[in-house]
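Below is one structure, written out as structure tokens; the observations come after it.
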Amino acid sequence: MRLSTRSAAAVAALLVCVHARAAAPPKRTPELLEKGRVSFKLNCASCHGETGKGDGVSAQALDPKPRNFAVGRFKYGAKPPQIFATLGKGIPGTAMIAFTQLPDEERWALAYYVSELRGRARAAGPAKGGAAEARP
Ligand code: HEC
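Taking my numbering, the leading residue of the sequence shown gets 103, the next gets one more, and so forth.
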């Protein structure tokens, strides 16, 4: 009996490990990016704009303004793990809140999608005032 209790504990410990590993970044798949696109429209576009240019409907009223992903510098880094971290913490003193109500996988989807949006927006050429771009 004791042994089986112990092995149950061992199994539980193993499950904890497996679970902890599941928190590692999911793969950047087309499905995940699509999930990010849908979530971005729902949760982010009102401020950042559909294409991430910082021109969402509520942007006008905000100070500081939402980041223009095409030309803006990312204070906390523009790599997906860094964006993921920003989504977990938010940016204190700004309208950019933490999005911890979203599951981890969805925040990863958003992180990948934002990095893709950024790449696309930058490839399309600098927007107005884009000369001041500082690389992250
Ligand atoms: C209510 C408006 C609002 C919403 C909604 C919003 N943001 Fe932001 N976001 C901001 C503002 C404002 C800033 C700029 C803050 C600053 O300048 O410090 C910002 C900055 C950022 C940055 C730049 C971080 C950095 O390192 O500089 C990222 C990335 C970002 N937002 C992603 C998102 C994502 C993804 C979502 C949706 C899940 C989202 N935001 C939703 C207002 C918003």
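The C-beta atom is built at its ideal place from N, Cα and C for all residues, glycine as well.
Everything numeric in this text was worked out from a predicted model, so none of it was measured.
Shown here for P166: same chain residues with a beta carbon closer than 7 Å to its own, the five before and five after excluded, namely T196 in chain order. In this chain, the alpha helix (DSSP H) harbouring I185 covers 182-191. A buried status is given to K155, since no fewer than 16 other beta-carbon atoms sit within 10 Å of its beta-carbon. With a cutoff of 8 Å on beta-carbon distance, L144 and Y214 are scored as not near each other.
Counting along the chain, the unbroken alpha helix (DSSP H) around F142 starts and ends at 132-145. Between ligand 1 and N170, a heavy atom-to-CB distance of less than 7 Å is absent.
Segment contact: the segment 136-151 against the segment 209-224, three or more CB-CB distances shorter than 8 Å; contact assigned.
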